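Before any comments, here is the structure.
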Amino acid sequence: MTSISKAPPPYPKSHLLAASGIAALLSLALLVFPSREVEAKKTTLNLDLNASEQLESNPSEPQQPRLPGESNASPFAQIDAQNSNTPQAEKPAEKPAEGLAQLPPADPYTKLITVANGDTLSTVFQKAGLTPTHLHEALNSSDDAKRFGQLKVGQVLEVKLTQDGGLQHLQSKLSDLETITLAKTDKGFDFKRELTKPTVRTAYAHGVINSSLFLSAKRAGLSHNMTMDLANVFGYDIDFAQDIREGDEFEVIYEQKVVNDKQVGDGNILAARFVNRGKPFTAVRYTNKQGSTSYYTADGNSMRKAFIRTPVDFARISSRFSMGRFHPILNKIRAHKGVDYAAPRGTPIKAAGDGRVQLAGRRGGYGNTIIIQHNKTYTTLYGHMQGFAKGIKTGGMVKQGQVIGYIGTTGLSTGPHLHYEFQVNGVHVDPLSQKLAMADPISGPDKTRFMQMSKPLMAQMDQEKATMLALNKR
Ligand SMILES: [Zn+2]
Numbered sequence: 046m047t048s049i050s051k052a053p054p055p056y057p058k059s060h061l062l063a064a065s066g067i068a069a070l071l072s073l074a075l076l077v078f079p080s081r082e083v084e085a086k087k088t089t090l091n092l093d094l095n096a097s098e099q100l101e102s103n104p105s106e107p108q109q110p111r112l113p114g115e116s117n118a119s120p121f122a123q124i125d126a127q128n129s130n131t132p133q134a135e136k137p138a139e140k141p142a143e144g145l146a147q148l149p150p151a152d153p154y155t156k157l158i159t160v161a162n163g164d165t166l167s168t169v170f171q172k173a174g175l176t177p178t179h180l181h182e183a184l185n186s187s188d189d190a191k192r193f194g195q196l197k198v199g200q201v202l203e204v205k206l207t208q209d210g211g212l213q214h215l216q217s218k219l220s221d222l223e224t225i226t227l228a229k230t231d232k233g234f235d236f237k238r239e240l241t242k243p244t245v246r247t248a249y250a251h252g253v254i255n256s257s258l259f260l261s262a263k264r265a266g267l268s269h270n271m272t273m274d275l276a277n278v279f280g281y282d283i284d285f286a287q288d289i290r291e292g293d294e295f296e297v298i299y300e301q302k303v304v305n306d307k308q309v310g311d312g313n314i315l316a317a318r319f320v321n322r323g324k325p326f327t328a329v330r331y332t333n334k335q336g337s338t339s340y341y342t343a344d345g346n347s348m349r350k351a352f353i354r355t356p357v358d359f360a361r362i363s364s365r366f367s368m369g370r371f372h373p374i375l376n377k378i379r380a381h382k383g384v385d386y387a388a389p390r391g392t393p394i395k396a397a398g399d400g401r402v403q404l405a406g407r408r409g410g411y412g413n414t415i416i417i418q419h420n421k422t423y424t425t426l427y428g429h430m431q432g433f434a435k436g437i438k439t440g441g442m443v444k445q446g447q448v449i450g451y452i453g454t455t456g457l458s459t460g461p462h463l464h465y466e467f468q469v470n471g472v473h474v475d476p477l478s479q480k481l482a483m484a485d486p487i488s489g490p491d492k493t494r495f496m497q498m499s500k501p502l503m504a505q506m507d508q509e510k511a512t513m514l515a516l517n518k519r
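In the working numbering, the protein residues as written are 46 to 519.
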């Protein structure tokens, strides 16, 4: 598989479970029972919180989670297709571009050209009265200048001519956030790139699940990425593949990125609540004084666990832990001291927790095997692998969620699957039944600071929900 040579992806901590979230969402999206009315609503509100400050201090945060194994992405196509018409928040017309197009500037040397179907930069230059030589000079003035060749239908280019009919200035708005310009100088052309910084506003969304989290979230106005983030935030506590029930409920306060009143993207989830089978869960995003960001429960306990729930995404449990079962190859009753996850060959396998690689090599019937020592107490084992991820070797360190290898069928195995074992103090236990170890709660001065943030967010959700329910009753 192509992904084998890939290095482990840089994996933002808060997004460790993105992939399993997606796997869960996928199965949920496919499991759709006939739809009744969904109570879902979204409003935009202005929260006066330190949260925006926090965002400013964190501008280079990685964008939305991306999967380690985008190569086995055929399921995504379905999700993306379904999601392509996700309702966005209030979306006013694109004022700047249209305004420009409708009101040509008085300057006779400036032309605004709207890119039509089939246009290339060459035809645009032609329309502006410029020659192929002008085009050649402009495009070859620098590597950056070649970006002017990226045209989208409907996009408006501003072309300013010199008095003798040459190119003085060329401007192209590549997106709501990026504009590039080329300006004539004595020596040739000067390329400039301008980035518009979006403003951030907060929004509230609420939904009750009647078929899948994915569909309800979509109805509530949440984007695909935002829904994945939501599943991700609660991923240590809720198994989105198996635990979701009709009537489950979610609320989110999240950031929207806005340019000229138009939503151009999502920011972070600031706070969320999820009621799963009657049990409430809360989450608040918090960046501590050392600058590390994580989600905590509303009262400050960590949501991150020492182990992730499942080391493979897009997998189905093909065999559970048991003290005695019929072994298809050995042809006799034998204990199965692990869990089998069936998935296509090449599917990435992730380290369940941080630790040291005790073994990355062949081990008898396990075939290609990795054993990770997490601390004195816990060990995990991954068997039948097709191969190991780049850089994984005996004695090395791994991070939770890091791809360590790929699904295969080496050793005593009937088909591609991962055999996963979990040991506590040298004793095999059922990983599916383990209460996952908790990370440390917030303490000391951070606790006070956290509560000052958490309380208003929870109150805000209470208020939003009450308002919404009252409106629905009328
Ligand atoms: Zn097994």
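For each residue, glycine too, the CB sits at the ideal point set by N, CA and C. Since this is a predicted model, take the numbers as computed values, not measurements.
Between the C-alpha atoms of A434 and F352, what's the straight-line distance to the nearest angstrom?
-> Near 20 Å, if we compare the C-alpha coordinates of F352 and A434.
Self-check item: Contact under 8 Å by Cβ, I487 with Y331
Solution: Yes, they are a contact pair.
By alpha-carbon positions, which one of Q468, D306, D282 ends up nearest to V320? Of all alpha-carbon atoms in Q468, D306, D282, the one lying nearest the alpha-carbon of V320 is that of D282.
**Message:** Quick check: the Cα distance between M430 and S217, rounded to an integer number of angstroms?
**Reply:** Going by the C-alpha atoms only, they are around 49 Å apart.
With respect to the alpha helix (DSSP H) encompassing V169, which residues constitute its N-terminal and C-terminal limits?
First-last of the alpha helix (DSSP H) with V169: 166-172.
Given a cut-off of 8 Å on the beta-carbon distance, is the pair Y451 and T392 in contact? It is a contact, given that the beta carbons lie within the stated cut-off.
Exercise. So, using beta-carbon positions, are S363 and H462 closer together than 8 Å?
Worked result: Cβ atoms of S363 and H462: closer than 8 Å.
Requested in this report: Can you give me the Cβ contacts of D475 inside the same chain, cut-off strictly under 6 Å, excluding the 5 residues immediately before and after it?
Outcome: Within the same chain, D475 has close Cβ partners F366.
- Task: Please confirm whether any heavy atom of ligand 1 lies closer than 7 Å to the CB of G383.
- Result: Result yes, Cβ under 7 Å from ligand 1.
**Q.** Span separating the alpha-carbon of K382 from that of H473
**A.** K382 and H473 have their C-alpha atoms spaced approximately 6 Å apart.
*Can you find at least 3 beta carbon pairs, one from the region 463-471 and one from the region 416-428, that sit closer than 8 Å?*
The answer is yes - the region 416-428 touches the region 463-471, with three or more Cβ pairs under 8 Å.
* To do: Give a yes or no on contact between the region 164-184 and the region 194-205, applying the rule of three or more CB pairs nearer than 8 Å.
  => Yes, they touch.
**Item:** Span of the alpha helix (DSSP H) around V278
**Value:** V278 -> alpha helix (DSSP H) spans 269-278.
Worksheet entry | Assumed close pair D399, K444 - CB separation to whole angstroms, cut-off 8 Å | Rounded, the Cβ-Cβ distance is 6 Å, consistent with contact.
Notebook entry, point to check: Smallest Cα separation from K334: which of P389, K156, P501, F495?
Noted result: Closest by alpha carbon: F495.
Worksheet item: Who are K395's beta bridge partners in DSSP?
Response: Note: K395 sits in a beta bridge opposite V448.
Going by DSSP, what residue range makes up the alpha helix (DSSP H) through H179? Segment 177-184, the alpha helix (DSSP H) holding H179.
Helix, strand or coil, according to DSSP, for G409 in the structure here? Of the three classes helix, strand and coil, the one that applies to G409 here is helix, per DSSP.
Out of M506, D385, A504, which one is the CA nearest neighbour of L477? Proximity to L477 across M506, D385, A504 peaks at D385, based on C-alpha coordinates.
- request: Tell me whether A161 is buried or exposed, calling it buried when 16 or more other Cβ atoms sit within 10 Å of its Cβ.
  value: By the neighbour-count definition (other C-beta atoms within 10 Å, threshold 16), A161 is an exposed residue.
- Query: Leaving out five residues before and five after L180 in sequence, what residues of the same chain have Cβ atoms less than 7 Å from its Cβ?
  - Reply: Excluding the 5 residues flanking it on each side, L180 has same chain C-beta neighbours closer than 7 Å at L166, S167, F170, in chain order.
Notebook entry, point to check: By Cβ distance, which residues of its chain are closer than 8 Å to D125, with the 5 residues on each side in sequence left out?
Noted result: Reliability fails at D125, whose pLDDT of 31 lies under 50, so the model's placement of it is uncertain and the value that follows must be treated cautiously. Only H269 meet the Cβ criterion.
Exposure of E223, with buried meaning 16 or more beta-carbon neighbours within 10 Å = Classification of E223: exposed, given that the 10 Å Cβ count is below 16.
Where R365 sits in the DSSP three-state scheme: Correct three-state label for R365: coil.
Could you give the distance in angstroms between the alpha-carbon of L516 and the alpha-carbon of K510? If you draw a straight line from the Cα of L516 to the Cα of K510, it is about 10 Å long.
*If we count the other Cβ atoms within 10 Å of its Cβ and call it buried at 16 or more, is L315 buried or exposed?*
With 16 or more other CB atoms across the displayed protein chains lying within 10 angstroms of its CB, L315 is buried.
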